[in-house]
Structures are given as structure tokens and as C-alpha cells.
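Student: Position 299 (the sequence shown) corresponds to 571 in the working numbering; numbering is contiguous.
Built from N, CA and C at the ideal position, the CB exists for glycine as well.
Have a look at this one before I ask anything.
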Amino acid sequence: MSLIGLLRKQNRKTLFTTPSHGQKLFIFSKLRNLYKYDISETDAHDPQTALHKAQEKVSNIYGTKYTHFLTNGSTSGIIASVLACTNKGDKVLLWRNAHPSHLNAVKLAGCEPVFYDLPIIKGWGIPDKTTPDLLNLNGIKAVIITSPTYEGIVSDIKAIKAVCKNAYLIVDEAHGALYPFSDKLPQSAINIADFTIQSLHKTAGGLNPTALLHVTCDLDASKSLSMINTTSPSYPILASIEANINYLNSARGRRQLNNLILNLEDLRKINFDFGGDDITKILIKKEGLTGYELSEKLFEEFNIEDEKTNEHSTMLLCGIGTSERNLEKLKRALIKLS
Ligand SMILES: Cc1ncc(COP(=O)(O)O)c(C=O)c1O
């Protein structure tokens, strides 16, 4: 039975079990279905097998050795990956300004952090890609790369993997969960890196804080995941991951992603400065305006809020759910500003 099927097949037993809301709605009515489907391991028929099968099916879609469903974000996937491939005292190479989960993972594993820096892209004020020459891999047990960056700068993971002779390669692809589903997007690190972690909630339409950990090396991340995960998983959230990947992999999902990309290609025809390697992150700047001024104009004059801004540029994030209406609105605003 699938995870989704598991939830549909509600139990009629008289339960003296967790969770204590008893699938009844009396605390927060807006979450009607969530309470209804919030079951524990004991309430459903063999949920572990359903989870195992769902993960196996998803792993086949991505062509990985193993894909784990994460209900505590990419953060937990990064920590589990470092725990899985290192021993206490090992050296782990990481970007100095990476997401805090990278350093936290190294600390939790009892490893020694070794930092590398990324140059800033001139005129855009954002970190550039990681290249092999920036990585001193002497004595390094694992290296964590962020690709894409928050702003959509993508590294050549194949070239980095080629220099990782004795080091495990962990790629934080938190912002690149749509990549495997379109040839028009950058190549995903899955099946190149040893561990690739993607947030489904950031761009792929998933609920907060759903994510995936893809493993393609011989190591097993299950044990390290069980060290940091709760023993009371949320089956509605796990089932939402199954539904999310089913959707992305369906003809409808691929059509929706393709339409989004076509609309974004159309947007790029406007006479504006666009940057970055990932079209779903609208990275813009305008001569004569700082990034902050551009961001303020978008907000004050057009009621459009961006994701991230610096002195030089502004980034507006799109995902599978970004509507044509909103893109049209942005297009009109950029035309006026240009
Ligand atoms: C680059 C990067 N990696 C990892 C994370 C953590 O992702 P999550 O929120 O899914 O735990 C974030 C979150 O903002 C991020 O920006």
C-alpha cells in the first residue's frame, strides 16, 4: 500500500494510543484534514513497509541507491550525510558562509571544520560558484558544496567530483529540487555526488519542511538519520512527499514546470539585467539603482516582494507553484522600471 493509500484507509479501532487528539478536530480547525490523517505507527497497517516502498519508488525515479524522505528539512539531510561518512576527528571541508547546518553537522560529528571561501561576483554582490581549484582536499574526509547557491549560481559538480578522489562529496542542492524534472534547468548533482540533499518546500511545491536525501555511494544514511529523527514521524507529511514526487514526475507536473520555464524565458526578453545560472531564480539589477532601491521600488510601487537583496542586485524566487498572473505582474513592473 502507498503512503497516500495508508491515510485513506482509516482505522475504526477504539484507540488508546498517540496522538492524543484522536484524529478529532477541536484545537485548530483550519487544519481539518491534517488532524484526521495524523496517525501513529500503531494505528495503521504496516506503515514502515509503505514508507519503504514509497522511498524505493522515488529512488527508482531519481536512479539513486537510496532516497530518504525527510520531514525536518535539508538541514537534517546535511547532518545525516556528514554523520554517515565521517568519524570523530576527520576533517570536513566546507564553505565559510554556508547555511548553518553545514558547520553544525561537522560539530555534531565531532569533526574538524576546514573552511574555503568563495569569490563575490563583481557587480552582483553574490557568491560565485565553487571550482576545483578553490578546494584543498589534502587529508579531507568529506566536502560540502552548496549548488545552486541561494541566488542560483550552479557549480560544475562533475569537475568537483573528479578531484574528490578520497573525499566524500555532499552537495547541498536545497534550492535545486526542480532540476531533475527539466532539461532546461541545470544538471542536478544526484548521481554525481555521494549525497545530494534537496528541499521540496523551497521550489518544488512541498510542505514545510519536506526534503529528500539522495544517496548514491555505498554508505547507509539510515542509522545517522535515526539518530537525529523523531521516532514519531508525521505520516501526512511523509505522504505529501510521495504525492509531491508523483506530481513532479507526472505529465501534468512536467507540463506545469515547462510552462513556468517558458514564461520565465519570455520575462528575460525584457530590457533588464538578468544574472545567475538558474532561470527559476529571477536575479536582476538595474543601472542607477542599488539592489535595495530596486527592491523598495518593486515593493512600494508594485506590491511585489523579493526573496533576497544586496547592495547590487535583487532576487525573486519562483517555484512550481508560481502563477502566470504573478509573473505577468512582475513583467509589467519590470517593463515600467526599464
Ligand atoms: C543553501 C541552503 N541549504 C540548506 C538549507 C536548509 O534547508 P531546510 O530549511 O530545508 O532545512 C537552506 C535553508 O534556507 C539553504 O538556504
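1) Taking all protein chains shown into account, decide if HIS374 is buried (16 or more other Cβ within 10 angstroms of its Cβ) or exposed.
2) CB of TYR422 to nearest heavy atom of ligand 1: below 6 Å?
3) Express the C-alpha separation of MET273 and ASP318 in angstroms, rounding to a whole number.
4) How would you write the range of the alpha helix (DSSP H) that THR321 sits in, first residue to last?
5) Three-state secondary structure (DSSP) at GLY345?
6) Could you have a look at VAL378 and say whether DSSP puts it in helix, strand or coil?
7) Which first and last residues belong to the beta strand (DSSP E) in which PRO385 is found?
8) Assign GLY349 to buried or exposed, taking buried as 16 or more other Cβ atoms, counted over all protein chains shown, within 10 Å of its Cβ.
9) Taking 7 Å as the cut-off, decide whether the C-beta atoms of ASP550 and PRO420 are in contact.
10) Taking the continuous beta strand (DSSP E) assigned at TYR440, which residues delimit it?
11) Can you check which of these residues, ILE392, VAL354, TRP396, ALA370, is closest to GLU613 by C-alpha distance?
12) Please indicate yes or no: does the CB of THR475 lie closer than 6 Å to some heavy atom of ligand 1?
13) Would VAL415 and LEU450 qualify as a contact pair, given that the criterion is a beta-carbon distance under 7 Å?
14) Below 6 Å, is the gap between the Cβ of THR418 and the nearest heavy atom of ligand 1?
15) By DSSP, does HIS486 sit in helix, in strand, or in coil?
16) Which whole-angstrom value is the C-beta distance of THR418 and TRP367, which I expect to be below 8 Å?
17) Look at the alpha carbon of GLU423 and the alpha carbon of LYS281, and state the distance between them as a whole number of angstroms.
18) Here's the rule I'm using: 16 or more other beta-carbon atoms within 10 Å means buried, otherwise exposed. How should ASP538 be labelled?
19) Just checking, does the region 506-523 make contact with the region 327-340 on the three C-beta pairs under 8 Å criterion?
20) Using C-beta distances below 6 Å, list every residue in its chain close to ALA381, excluding the 5 sequence neighbours before and after it, in chain order.
21) Opposite PHE467 in the DSSP bridges: which residues?
22) Hey, how far is the Cα of GLY563 from the Cα of PRO372?
23) Over the uninterrupted alpha helix (DSSP H) stretch that includes PHE546, give me the two end residues.
24) Would DSSP call LYS308 helix, strand or coil?
25) Check for me: the alpha helix (DSSP H) holding MET273 runs from which residue to which?
26) Please determine, among CYS436, ASN376, LEU457, the residue with the shortest C-alpha to C-alpha distance to ASN408.
27) LEU279: which of LYS302, HIS293, LEU306 sits nearest, CA to CA?
28) Within 8 Å, do at least three Cβ pairs link the region 340-347 to the region 473-485?
Tutor: With the structure as the only source:
1) buried
2) yes
3) 9 Å
4) 319-334
5) helix
6) helix
7) 384-388
8) buried
9) yes
10) 440-444
11) For residue 613 there is no data in the structure shown, the boundaries of the chain being 273 and 610.
12) no
13) no
14) yes
15) strand
16) 6 Å
17) 42 Å
18) exposed
19) yes
20) VAL354, LEU355, THR358
21) ILE442, VAL487
22) 25 Å
23) From DSSP, PHE546 is part of no alpha helix (DSSP H) but of the beta strand (DSSP E) over 545-547.
24) helix
25) Where MET273 is concerned, there is no enclosing alpha helix (DSSP H), given that its DSSP letter is neither H nor E.
26) CYS436
27) LEU306
28) yes
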